[in-house]
Amino acid sequence: MILDTALWSSLPVPALMLDGDDLIISSNPAAESFLNMSSKSLTGQRIWEKVMIDAPLEEPFDRARKNRSSLFVNDVNVGSGERAPMMCNLQFAPLQGSEEVMIVMISPREIASRVNQHHSSEKAAKSAIGMAEMLAHEIKNPLAGITGAAQLLSMGLSTEDQEMTDLIVEESRRIVKLLEQVEQFGNLRPPLLKAVNIHDILDRARQSASVGFGAHMLYIEDYDPSLPQTLADGDQLLQVFLNLLKNASEANKEGGAIRLHTFYDTSLRVRRSDGTQARLPLQIEIIDNGPGLPPEIANDIFEPFVSGKENGTGLGLALVSKLISDGGGWITVDSVPGRTVFRISLPLAPKETEVGEN
Ligand SMILES: Nc1ncnc2c1ncn2[C@@H]1O[C@H](COP(=O)(O)OP(=O)(O)OP(=O)(O)O)[C@@H](O)[C@H]1O
Ligand SMILES: [Mg+2]
1 MILDTALWSS
11 LPVPALMLDG
21 DDLIISSNPA
31 AESFLNMSSK
41 SLTGQRIWEK
51 VMIDAPLEEP
61 FDRARKNRSS
71 LFVNDVNVGS
81 GERAPMMCNL
91 QFAPLQGSEE
101 VMIVMISPRE
111 IASRVNQHHS
121 SEKAAKSAIG
131 MAEMLAHEIK
141 NPLAGITGAA
151 QLLSMGLSTE
161 DQEMTDLIVE
171 ESRRIVKLLE
181 QVEQFGNLRP
191 PLLKAVNIHD
201 ILDRARQSAS
211 VGFGAHMLYI
221 EDYDPSLPQT
231 LADGDQLLQV
241 FLNLLKNASE
251 ANKEGGAIRL
261 HTFYDTSLRV
271 RRSDGTQARL
281 PLQIEIIDNG
291 PGLPPEIAND
301 IFEPFVSGKE
311 NGTGLGLALV
321 SKLISDGGGW
331 ITVDSVPGRT
341 VFRISLPLAP
351 KETEVGEN
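Residue numbers for the sequence shown follow UniProt numbering, beginning at 1 and rising by one.
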């Protein structure tokens, strides 16, 4: 119990404990300073009256309490009568060993963005890509000139010197290939959302991985066959899975394993930048048992041009993150040596779409 109290008051994240009627039973010091209210003025009050959250959460919260499940809500403004609202991520979780008590944790975005950097970095990624696209365009023309000149030169040269011109041509081709990848990134079409079967797409990705770049890996399917269809762009989703399988294969030597895990989890709700809320109950995890993310880049892997590989362009995960967020999904990563999990959360396909498609 002493430990519990110490833990509660040391927690650097603002946290509240609520009883079955949403009354605040306890607040930690971080919550008191965040809300700018004393524990006395908080205790016994309904959370919804003391803490202003600009999203209708009472109902999903009640459901989470009933199911004893946790609920994540991102990007909501949280304030109190005593402080201006601030963009936060919220987590609601049932207190173990109790039937009704819930814990609410409020992570202001400065903290949250460190934990979950990729979404706040989307803008930065866009401008980095925009810049690179412009450069790509500018570099390709002179590069074609250089390659052409080297080829002309090589005609009059001895075999030994030809090695040099060959090198120029070869390296220029490599640069052109990289530039084309950058350009392709900038030219992504908007997603064409349809009801699709996740397992079909996972199977296609696994098949092409297992005859190509991922032939040395063992694949373990751990599917929930009752999973309903998702609303997504099937081709883009395939690209996402292929990129993740490719990274997992590249991180592993012979004998590495990739587990493809699908399941249903209703607790995840995200709030999009346009203010709408989305439920993302369909979960796909791609798990490998390799060495894990290199720690020095672990926080930036979704940024373009961040790579831990000698010949990597660092565009794979930037593309994955863009495709997933354009399609209304969510991606996170959790990595320790021996277990790296990329988790994608997707929406359900609405019933109308299936009917409308006949
Ligand atoms: N499953 C994984 N295990 C270990 N490290 C990973 C894994 N997935 C990604 N990484 C790390 O994240 C980096 C960024 O990945 P990303 O796919 O964006 O670029 P890349 O694979 O280096 O290059 P590209 O995909 O453009 O060929 C990788 O270089 C690697 O260091
Ligand atoms: Mg990659």
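Cβ atoms here follow ideal geometry from the backbone N, Cα and C, with glycine treated the same way.
Check	Outcome
Nearest-angstrom Cα separation, counted from ALA150 out to LEU157	11 Å
Under 8 Å between C-beta atoms of PRO337 and GLY292	yes
Buried/exposed call for LYS322, threshold 16 Cβ in 10 Å	buried
C-alpha distance - residue 365 paired with THR43, whole-angstrom precision	Summary: the structure shown does not reach residue 365, with the chain confined to residues 1 through 358, and so no result is reported for it.
Helix, strand or coil at MET217 [DSSP, three-state]	coil
Buried/exposed call for PRO190, threshold 16 Cβ in 10 Å	exposed
ASP307 Cβ short of 7 Å to ligand 1 heavy atom set	Here the sequence assigns Ser to residue 307, which means Asp is not the residue at that position. Correct: SER307 has its Cβ closer than 7 Å to ligand 1.
Distance, LEU282 Cα to ASP265 Cα	6 Å
Beta-ladder partner(s) of THR5, from DSSP	Answer is none; THR5 lacks a bridge partner.
Exposed unless 16 or more other CB atoms sit within 10 angstroms - verdict on GLY214	buried
Pairwise C-alpha distance: MET217 and GLY255	6 Å
Proximity to ARG46 [Cα-Cα], best of ALA205, SER80, ASN89	SER80
Per-residue DSSP class, three states only, for residue 374	The structure shown does not extend to residue 374, since the chain is modelled only from 1 through 358, so no value can be given for it.
Spatial distance of ILE284 from GLU221 (CA atoms)	11 Å
Span of the alpha helix (DSSP H), counted from its first residue to its last, around GLN45	From DSSP, GLN45 is part of no alpha helix (DSSP H); its letter is neither H nor E.
Within-8 Å CB hit, SER127 to chain D	In the displayed structure, chain D is absent; only one protein chain is listed.
6 Å CB neighbourhood of THR353 in its chain, flanking five on each side removed	Its pLDDT being 45, under 50, THR353 is placed unreliably by the model, and nothing is read from it.
Supposed close pair LEU90, MET17 - CB separation, criterion 8 Å	So it is not a contact: roughly 14 Å between Cβ atoms.
Under the three-state DSSP convention, the category HIS253 falls into	For the record, residue 253 in the displayed sequence is Lys; it is not His. LYS253 falls in the coil class under three-state DSSP.
Check whether ALA15 and VAL104 have beta carbons under 8 Å apart	yes
Any non-hydrogen atom of ligand 2 closer than 7 Å to LYS246 Cβ	yes
Which of helix, strand or coil DSSP assigns to GLN229	coil
Within 8 Å, strictly: CB atoms of VAL169 and LEU143	no
Near ligand 4: ALA128 beta-carbon under 7 Å from a heavy atom	As presented, the structure is devoid of ligand 4, carrying ligand 1 and ligand 2 as its sole ligands.
Cα-Cα separation between SER10 and SER98, rounded to whole angstroms	22 Å
heavy atom of ligand 1 below 7 Å from residue 359 C-beta	In the structure as shown, the chain starts at 1 and stops at 358, and residue 359 therefore has no counterpart that could be examined.
Buried versus exposed call for ASP233 [16 or more other C-beta atoms within 10 Å across all chains shown]	buried
Opposing strand residues paired with ASP222 [DSSP bridges]	HIS261
Local Cβ density within 10 Å of PRO295, reported as buried at 16 or more and exposed below that	exposed
Option in LEU231, GLY130, VAL73 with minimal Cα separation from PRO108	VAL73
CB-CB length for ILE106 against PHE34, believed under 8 Å	6 Å
Distance cut-off 7 Å: GLY292 Cβ against heavy atoms of ligand 2	no
Per-residue burial, ALA84 [other beta carbons within 10 Å of its own, 16 or more giving buried]	exposed
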